[in-house]
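Worksheet: the structure to be examined is printed underneath.
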Amino acid sequence: MGLQIMLLLLFLFLLHLPTTIVAAPPPSNLTVYNYLSVQGPNSTSGYNTVQCGVPSSPQNNTFAQTFCFDMPLLSRPDLDSKLLGKVQGSYVFVSLSGGTLLVSESFTINNTINQGTFTGVGLEEIGQVSSKPITGGTDDFAFVSGVAITTPLSNGTDSNGNYYAWFMYQFIFDN
Ligand SMILES: *[C@@H]1O[C@H](CO)[C@@H](O)[C@H](O)[C@H]1NC(C)=O
Ligand SMILES: *[C@@H]1O[C@H](CO)[C@@H](O)[C@H](O)[C@H]1NC(C)=O
Ligand SMILES: *[C@@H]1O[C@H](CO)[C@@H](O)[C@H](O)[C@H]1NC(C)=O
Ligand SMILES: *[C@@H]1O[C@H](CO)[C@@H](O)[C@H](O)[C@H]1NC(C)=O
Ligand SMILES: *[C@@H]1O[C@H](CO)[C@@H](O)[C@H](O)[C@H]1NC(C)=O
Numbered sequence: 252m253g254l255q256i257m258l259l260l261l262f263l264f265l266l267h268l269p270t271t272i273v274a275a276p277p278p279s280n281l282t283v284y285n286y287l288s289v290q291g292p293n294s295t296s297g298y299n300t301v302q303c304g305v306p307s308s309p310q311n312n313t314f315a316q317t318f319c320f321d322m323p324l325l326s327r328p329d330l331d332s333k334l335l336g337k338v339q340g341s342y343v344f345v346s347l348s349g350g351t352l353l354v355s356e357s358f359t360i361n362n363t364i365n366q367g368t369f370t371g372v373g374l375e376e377i378g379q380v381s382s383k384p385i386t387g388g389t390d391d392f393a394f395v396s397g398v399a400i401t402t403p404l405s406n407g408t409d410s411n412g413n414y415y416a417w418f419m420y421q422f423i424f425d426n
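Residues in the sequence shown are numbered consecutively from 252, following this note's numbering.
What follows is the structure in structure tokens.
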């Protein structure tokens, strides 16, 4: 009886131990694909990005408009491919003459090898290959630095009227 209770207590104790996390070294590089989908004027579904700020009066070239996003990071430019993480943040139109965004984003990686987060903040030229510095991070990406290169691949309008675009993200880590 005493033994049974002790075994039961041991079992309950083991059940509540946190899963052991073994840190893996950060990779030297990582390539993922992200899907941007901006809510269309009449859309109620299928988007991951919405306008979350406007200037107090309308400006030329969408200057000062702000968008917030929560996008999946995938193994291929295909929504049915393997989910490797997410990227969450915002972008602001910061050029009076248009064409430039200031992007502030946090990447969460959860693939079979690495878990953790790192941050990218920098300018993106719409429709062009752009780089921004990586500062990090947490867990496997603690103290990483590097460059995040984003390449636009394709874009269009989905059946809900959302504007969508595929990008490739290459993370080059300095380790
Ligand atoms: C990228 O990382 C892979 C291993 O994950 C490695 O084989 C490859 O050489 C790396 N490429 C560059 C350009 O560092
Ligand atoms: C959105 O809905 C309004 C009202 O039905 C319509 O006038 C407008 O053309 C629609 N816009 C788009 C982009 O479908
Ligand atoms: C906005 O565009 C108008 C018309 O081209 C121009 O006169 C005005 O100076 C622009 N405003 C700013 C802040 O650049
Ligand atoms: C990471 O991925 C694993 C396997 O897909 C999943 O069980 C776990 O909940 C994920 N962790 C987070 C924080 O999303
Ligand atoms: C959208 O795709 C077209 C080609 O289909 C391309 O010319 C254009 O530059 C792309 N726009 C952006 C913002 O990437």
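No residue lacks a Cβ here, since even glycine has one placed at the ideal position from N, Cα and C.
Please read these numbers as outputs of a predicted model, since none were measured by experiment.
Burial state of residue i (16 or more Cβ within 10 Å)
| i | result |
| --- | --- |
| D329 | exposed |
| F318 | buried |
| A393 | exposed |
| T270 | The predicted model places T270 with a pLDDT of 49, which falls under 50 and marks its position as unreliable; any figure quoted below should be read in that light. When all chains shown are included, T270 counts as exposed. |
| Q302 | exposed |
| T351 | buried |
| S381 | buried |
Per DSSP, the bridge partner or partners of residue i
| i | result |
| --- | --- |
| Q421 | T282 and I400 |
| Y415 | S288 and G407 |
| K337 | P323 and T359 |
| T317 | G304 and V343 |
Within 8 Å, strictly: CB atoms of residue i and residue j
| i | j | result |
| --- | --- | --- |
| P384 | G371 | yes |
| T313 | G336 | no |
| N285 | L324 | yes |
| E375 | V354 | yes |
| P277 | V395 | yes |
| G340 | F320 | yes |
| Q316 | V305 | yes |
| T389 | Y420 | no |
| G412 | N299 | no |
| L334 | F422 | no |
Selected residue, minimal CA-CA separation from residue i, among the options
| i | options | result |
| --- | --- | --- |
| Q310 | Q302, Q339, F344 and V301 | F344 |
| D391 | P403, F424 and M419 | F424 |
| G407 | V283, A274 and S288 | S288 |
| Q379 | N362, P306 and P403 | P403 |
| A416 | G297, S308 and S307 | G297 |
| S410 | T295, S346, G387 and S332 | T295 |
| V197 | L347, Y414, S332 and G387 | With the chain represented from 252 up to 426, any question about residue 197 goes unanswered, as that position is not in the structure. |
| T386 | A274, R327 and N426 | N426 |
| M322 | L347, A274, T359 and S307 | T359 |
| A274 | S405, Y414 and N361 | N361 |
Where the beta strand (DSSP E) through residue i begins and ends
| i | result |
| --- | --- |
| S381 | S381 to G387 |
| T351 | T351 to N361 |
| T368 | Q366 to E376 |
| G304 | T300 to G304 |
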